[in-house]
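In UniProt numbering, the protein residues as written are 1 to 314.
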């Protein structure tokens with residue numbers, strides 16, 4: 001099968017012809033139609049897991065995907081041959097990922113039936129980013145009437161957070177440059193602030209002089225988090241996917257800090273399917289590229305500045 005893999009950590013991802021995996025008991029073989037690109041993919045290729053997981057090479061990259069159940073292993077009952085599915089298909093400890101014509105996933109793992117009417121290239125963009133967004137909003141305990149700042153709002157996770165926080169009844173302030181402000185408002189943001197136009201704290205406090213209730217941050221480093229936390233009212237919450245907050249320090253100040261790492265699950269994917277089917281969550285695919293261009297797409301993602309999801313057509 002065709003696959004994008006690395007021969008060692010730090011190697012340039014390359015198109016390879018590798019054996020098709022075979023499903024064992026409780027496993028599903030998926031014929032992958034499209035694969036979603038995430039920053040985690042190039043981080044793994046560069047050695048993010050080298051001290052924690054014994055990884056065989058060549059290592060097929062990719063986590064998110066959408067496709068069709070090709071074969072079900074012994075004991076599988078939840079999904080059947082021919083069903084359209086999406087999920088997180090990485091088995092890094094076996095050298096398997098979603099940037100391939102076929103991928104494996106456990107039946108009890110992060111896989112679910114695709115939302116009705118959704119095409120494969122859209123569905124492949126959903127699992128990691130949207131599941132992270134949904135779990136973040138859950139963790140932040142967003143409620144009606146709260147004011148929330150979303151940092152990194154134009155990325156895949158951020159766009160989901162903006163929509164889901166707005167759906168929960170919050171007033172949403174999204175970080176976005178001028179050319180993305182309209183898109184953010186279309187997704188549910190009440191206001192936008194532009195980090196390139198000056199200090200974010202000053203911009204937010206100019207409208208919300210008494211502070212805000214939560215910061216959901218997908219982009220900031222430790223220094224910026226220490227600055228933005230000053231916006232929070234007593235009892236406020238700061239959640240960071242870049243692990244930039246000190247929960248103990250915030251607790252001493254009467255605030256809640258969470259360093260968050262999302263993990264897709266069948267339960268989260270089923271919830272996402274319901275939201276998508278109801279028209280309450282949209283996923284913006286910024287770019288579609290063929291599998292052969294995966295290396296260039298990963299390099300571009302590494303530079304940052306994403307305004308939606310990149311998807312590989314298998």
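For glycine and all other residues, C-beta sits at the position ideal for the given N, C-alpha and C.
Taking the C-beta atoms as reference points, residue 75 is found no nearer than 7 Å to residue 103. A straight line joining the alpha-carbon of residue 216 with that of residue 313 spans about 31 Å.
A contact is defined here as three or more CB-CB pairs under 8 Å, and the segment 87-106 meets this definition with respect to the segment 55-63.
In the structure shown, residue 268 falls within a helical segment according to DSSP collapsed to helix, strand and coil.
Here residue 27 is bridged, per DSSP, to 106. For the pair of segments examined, the segment 81-92 was found to touch the segment 106-125: the number of CB pairs separated by less than 8 Å reaches three.
The segment 245-261 and the segment 113-127 do not touch, with fewer than three beta-carbon pairs separated by less than 8 Å. Here the C-alpha atom of residue 189 lies approximately 14 Å from the C-alpha atom of residue 282.
Distance between residue 298 and residue 34, taken at the CA atoms: about 15 Å.
Sequence-distant Cβ neighbours of residue 56 in its own chain, meaning closer than 6 Å and more than five residues away, are 95. Judged by DSSP in its simplified three-state form, residue 157 adopts helix.
With a cutoff of 7 Å on beta-carbon distance, residue 187 and residue 163 are scored as near each other. Following the DSSP letters along the chain, one finds residue 295 inside the alpha helix (DSSP H) bounded by residues 294-302. Contact check for residue 67 and residue 125: beta-carbon distance about 14 Å, past the 8 Å limit, so the pair fails to qualify. By the criterion of a C-beta distance shorter than 7 Å, residue 16 is surrounded in its chain by 3, 5, 58, once the five residues flanking it on both sides are discounted. In the DSSP assignment, residue 207 falls within the alpha helix (DSSP H) that extends over 200-207.
One Cα belongs to residue 160, the other to residue 7, and the distance between them is close to 34 Å.
If you check the CB distance, residue 177 and residue 194 come in under 7 Å. Here residue 43 is exposed, its C-beta having fewer than 16 other C-beta atoms within 10 Å. Per DSSP, reduced to three states, the secondary structure at residue 143 is coil, with no helix or strand assignment. Within the model, the alpha-carbon separation for residue 169 versus residue 240 is close to 21 Å. Per DSSP, the beta-bridge partners of residue 84 are 68. With respect to residue 231, residue 201 sits close: the two C-beta atoms are nearer than 7 Å. Contact annotation: residue 233 and residue 211 have beta-carbon atoms nearer than 7 Å.
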